[in-house]
Every structure is written in C-alpha cells, then in structure tokens.
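Have a look at the structure below before the remarks.
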Amino acid sequence: MNTRSKISYPFAIDPLRFIEKNNGSVAFFNSNDKTKVNLLSWGKVSELKLIESDDAFAKLKAFQSEENDWMTGYLSYDLKNDTEKLESKNPNELGFAALHFIVPELLIEVHPNSTIVHAINGFSEEKLNKMLQNAMEVFMPGEKSLVEKVIHGYEEDDYLVHFERLGKNIQRGDIYEINYCLEFKTDRINIDPLSTYYRLNNMTDAPFSVYFNDNENYLLCGSPERYLKKEGNSILSQPIKGTIKRGENEAEDELLKEKLRNDPKEQAENVMIVDLVRNDLSKIATKASVKVDELFGVYSFKTVHQLISSISCQSKKDIHPVDVIKATFPMGSMTGAPKIRAMQLIEENENFGRGVYSGAFGYFTPSGDFDFNVVIRSILYNEKKGVVSFPVGGALTSLANGPDEYRECILKAKAMKNALQNS
Numbered sequence: 470m471n472t473r474s475k476i477s478y479p480f481a482i483d484p485l486r487f488i489e490k491n492n493g494s495v496a497f498f499n500s501n502d503k504t505k506v507n508l509l510s511w512g513k514v515s516e517l518k519l520i521e522s523d524d525a526f527a528k529l530k531a532f533q534s535e536e537n538d539w540m541t542g543y544l545s546y547d548l549k550n551d552t553e554k555l556e557s558k559n560p561n562e563l564g565f566a567a568l569h570f571i572v573p574e575l576l577i578e579v580h581p582n583s584t585i586v587h588a589i590n591g592f593s594e595e596k597l598n599k600m601l602q603n604a605m606e607v608f609m610p611g612e613k614s615l616v617e618k619v620i621h622g623y624e625e626d627d628y629l630v631h632f633e634r635l636g637k638n639i640q641r642g643d644i645y646e647i648n649y650c651l652e653f654k655t656d657r658i659n660i661d662p663l664s665t666y667y668r669l670n671n672m673t674d675a676p677f678s679v680y681f682n683d684n685e686n687y688l689l690c691g692s693p694e695r696y697l698k699k700e701g702n703s704i705l706s707q708p709i710k711g712t713i714k715r716g717e718n719e720a721e722d723e724l725l726k727e728k729l730r731n732d733p734k735e736q737a738e739n740v741m742i743v744d745l746v747r748n749d750l751s752k753i754a755t756k757a758s759v760k761v762d763e764l765f766g767v768y769s770f771k772t773v774h775q776l777i778s779s780i781s782c783q784s785k786k787d788i789h790p791v792d793v794i795k796a797t798f799p800m801g802s803m804t805g806a807p808k809i810r811a812m813q814l815i816e817e818n819e820n821f822g823r824g825v826y827s828g829a830f831g832y833f834t835p836s837g838d839f840d841f842n843v844v845i846r847s848i849l850y851n852e853k854k855g856v857v858s859f860p861v862g863g864a865l866t867s868l869a870n871g872p873d874e875y876r877e878c879i880l881k882a883k884a885m886k887n888a889l890q891n892s
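My numbering puts the first residue of the sequence shown at 470, with every later residue one more than the last.
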C-alpha cells in the first residue's frame, strides 16, 4: 500500500486550469454542483492496463487489493466477454484498452472554498504549491481546433433496417428490450480536447462529467447517468431509461415532463431495466435488502429530460468491491433484457466496437468504496490517429417507433456535435 500526505489549502483551484498548466495523466470527475466535492487525479504511480478482456476482473481485483489506494480509470464495454461467453468482433479504431486503472501521484479534492491534496509520500511540496498556484486563474478556452470535416453517422434508412430486424427478435420473444447504438465519427483531424470538453460541459452541465487523458487517448464525457456507487456496504444504481427534449418555454417544458413521466413506452423501458438491475444486485446483496428507492423520477438536464430510477441494496459483508462490479457489468441500461441475448444481438447488429462507450469511468477510494458513471453523451478521441467518435443509442421495445427512435439518437448527439463544431 502506498502512503500519502494530506495537505489542506484555504482556496479552491480551477481544475481545468490545473489540467492546462500541468502535463501528465489526468482524470477530472466533475459533478457540476458547486456545493459538492469534485475529484481530480494527476500523475501515475502505477497502473493496470489490459488490452484484452481475458480475466480482466480477476486482475483488477488483485491490483486493487495490492494497491489499496486511490485508483481512477475505466471498464470498457468489452469486459462483457469476461462475465459471459461472448466475443467482440466489430471494428474499433480508437485504441483504448479493455481496462485501464491508474494510481495517481496526486488525488485532489476540490471543495467549494478549499483544496485538499492526497499526495504520494516524497512528492515535492514546493512543486505541488507551484502547480496549485498556477491553477488559481479561471480556465478560458480559445476558439481553436474545431471540426470542419463531415461527421459521418448512420442515415435514417440504415437505422430502420436494423430497427426492423431487432423488432422481429422482440416479436419472437428473444428479447424484451435492447439498447441499440450507432456511431458518429470523423478521422484525420486534430482537436483541442480541453476546449472541446469545456464546450461540451457547458452544453450538458451533467452530474457525472469526466475529462480523462493518458498519452494519446482522451475521454470527454457529459454523462447524466450513475452506473454504480459503493459506500461501506451500501450499493446504489441509478439507470436511465426514457428521454424527451426540453421545451421552448417553461409551460412547454412542464408539459413535456408530464408526458415523459406518464408515457407507457418510456415506463416499460425503465421498469424492465429496474428489474434487471434488481436481479443483478441480488447476486451480491444480503437477504431482502434489494429495494427500489425511486421509480420513474423525472430529472431535467440542459438538453433533455430523463426518466431515472434508483435501486439500492446492502452488499454481503466479505464480498470484494470488484466482485460487486462484476456481478452487475455491463449495466442493464446499455444492454437490454434478457441481458446475454441482448448483448449477442448488439454485436450482430451494430457496425462498430463500443469499447469505452457504454462502459464505466470512475474511481476507487483506499477503503474500497467506489463511484462509476455510464460512459454516454461522450466524445472519444485518439490524438495520434486523429479519430473522433461519439456513439449514441436508445432502448427498443415492442412499443418503439423507428423514426422516433432515430430522432432521439440525433437529439442525444446534438451536444457532442456542437461541442466539436462550436455551433
């Protein structure tokens, strides 16, 4: 186990300014809530980076047990192959690992009016003070590195072909619900990741936003969805299923919220995933502790309203935190029900490898607690290859309408596209 010094400062830094001024591996967990503590990790003491998904959870379990420290990183969707007898064959040009976790040199808690740094022992306090002083100014991005090339994605006719195909699977009873996604991307370009993240974050104001960079790989994430949180023995999952646009004025906005709250199709999507999450959590929960704390909660974000439910449980006493994640991964909101058959059909019908998209990004604490989001509403960028990708998707059920589902995908893609094009 690494040892750390805890140093308090009577001022709050600007995390984006810190990132701009200090090169190195970095992850910023941004709640977009000024009353909450946001986390920023910087540097690298050690890491676990797996290209393949074989035995990934066992290796992560051993790594977390050995380090017993702050860890930040991601689980790609392809780790489904480590939980079930599945495979991934669709192309993915981005070059992200199947799993990547970093033990940082600095774990920085950014409070509303103060900063607390958990620095690895031996880290120069003089260097740390300089790094923080450089981050006292507010980050102001320039207008540069905007994407002018055509962003390629599915046309509606192509989408409807697969919609009809999956509809037949639903009619036959192979599945009840499936999360079908399409990819927008462009290549041979260069963007300024920090400025792009700044624009995306201003457009989404999401509670589980992330900026991550390690070498040439960047994740610019505006996720509204929590995948899984562990605090002591308390486990919380908050799947999103159900989306509607924001209104042009307050009156229309309230009407749209009521429409979402009472829409039979959206409720059906949501309750199927709630049942799936309840089943997943029961694998690691103490007897009779799984409960639905909130069903069909309507939450408003800058671009959309969402239907969110909360499911919780108490985990068994001696279960390892990584085993809690493995029991529920991948998350039901990005797969479908039944989960295994849905994942098989996703692989058959989608034309791109999801990779980090619809996986999870988060952190472990030294005590083994964790918090992970669902990687959606995100821009993935490989700087070396010049490839930008931002997939989107939605749930299909027997009540789904193809053109409506396609329009929902376009709505979800709007913030990422505008962040790249600054329009």
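Cβ atoms here follow ideal geometry from the backbone N, Cα and C, with glycine treated the same way.
Closest Cα partner of residue i within the set the options
i           : options               : result
residue 581 : 510, 667 and 505      : 505
residue 508 : 514, 483 and 761      : 483
residue 472 : 590, 664 and 537      : 590
residue 568 : 516, 624, 741 and 583 : 516
residue 481 : 598, 857 and 839      : 598
residue 888 : 857, 865 and 872      : 857
residue 873 : 625, 747, 777 and 514 : 625
residue 758 : 717, 747, 495 and 498 : 747
residue 498 : 709, 577, 787 and 776 : 577
residue 827 : 843, 835, 812 and 528 : 843
residue 629 : 642, 609, 620 and 651 : 651
residue 531 : 789, 862, 805 and 854 : 789
residue 737 : 854, 488 and 776      : 776
residue 609 : 528, 693, 557 and 488 : 488
residue 825 : 542, 722 and 529      : 542
residue 659 : 774, 501, 709 and 853 : 853
residue 635 : 546, 864, 876 and 890 : 864
residue 734 : 798, 808, 561 and 645 : 645
residue 512 : 731, 639 and 588      : 588
residue 500 : 703, 868 and 673      : 673
residue 799 : 708, 730 and 787      : 708
residue 574 : 556, 502 and 491      : 491
residue 862 : 554, 732, 684 and 805 : 805
residue 675 : 561, 695, 743 and 527 : 695
Bridge partners - residue i, DSSP secondary structure assignment
i           : result
residue 621 : 654
residue 856 : 851
residue 861 : 651
residue 683 : 686
residue 831 : 542 and 841
residue 783 : 703
residue 475 : 587
residue 794 : Beta-bridge pairing links residue 794 to no other residue.
residue 517 : 570
Straight-line Cα distance separating residue j from residue i
i           : j           : result
residue 478 : residue 595 : 14 angstroms
residue 755 : residue 791 : 17 angstroms
residue 841 : residue 592 : 28 angstroms
residue 552 : residue 519 : 15 angstroms
residue 849 : residue 563 : 8 angstroms
residue 829 : residue 611 : 30 angstroms
residue 688 : residue 866 : 30 angstroms
residue 691 : residue 548 : 22 angstroms
residue 921 : residue 649 : The displayed coordinates of the chain run from 470 to 892. Any statement about residue 921 would go beyond what the structure contains.
residue 510 : residue 718 : 39 angstroms
residue 833 : residue 720 : 42 angstroms
residue 631 : residue 845 : 21 angstroms
residue 671 : residue 604 : 20 angstroms
residue 494 : residue 620 : 28 angstroms
residue 774 : residue 470 : 43 angstroms
residue 639 : residue 669 : 35 angstroms
residue 869 : residue 678 : 29 angstroms
residue 665 : residue 693 : 18 angstroms
residue 521 : residue 566 : 7 angstroms
Own chain, CB closer than 7 angstroms to residue i, minus 5 neighbours either side, in chain order
i           : result
residue 796 : 749, 752 and 753
residue 831 : 839, 840, 841 and 842
residue 662 : 682, 687, 689 and 850
residue 559 : 816, 819, 820, 821 and 822
Neighbourhood of residue i by C-beta, 8 angstroms cutoff - its chain only, sequence neighbours within 5 removed
i           : result
residue 728 : 713
residue 606 : 483 and 486
residue 633 : 871
residue 584 : 477, 478, 480, 481, 482, 577, 578 and 601
residue 723 : 716
residue 704 : 697, 698, 750, 753, 754, 781, 782, 783, 784 and 793
Cut-off 6 angstroms between Cβ atoms - residues of its own chain near residue i, not counting five sequence neighbours on either side
i           : result
residue 838 : 699 and 700
residue 572 : 514, 515, 536, 538 and 540
residue 706 : 697, 746 and 780
residue 794 : none
residue 496 : 510, 541 and 681
| said: Under 8 angstroms: do the region 706-715 and the region 872-882 share three or more Cβ pairs, one atom per stretch? | reply: yes
| task | Spell out a yes or no on whether the region 757-776 and the region 816-823 are touching, meaning 3 or more CB-CB pairs, one atom from each, closer than 8 angstroms. | result | no
| On the three-pair Cβ rule with 8 angstroms, is the region 766-777 touching the region 810-817? | Judged by Cβ distances under 8 angstroms, the region 766-777 makes no contact with the region 810-817, as fewer than three pairs qualify.
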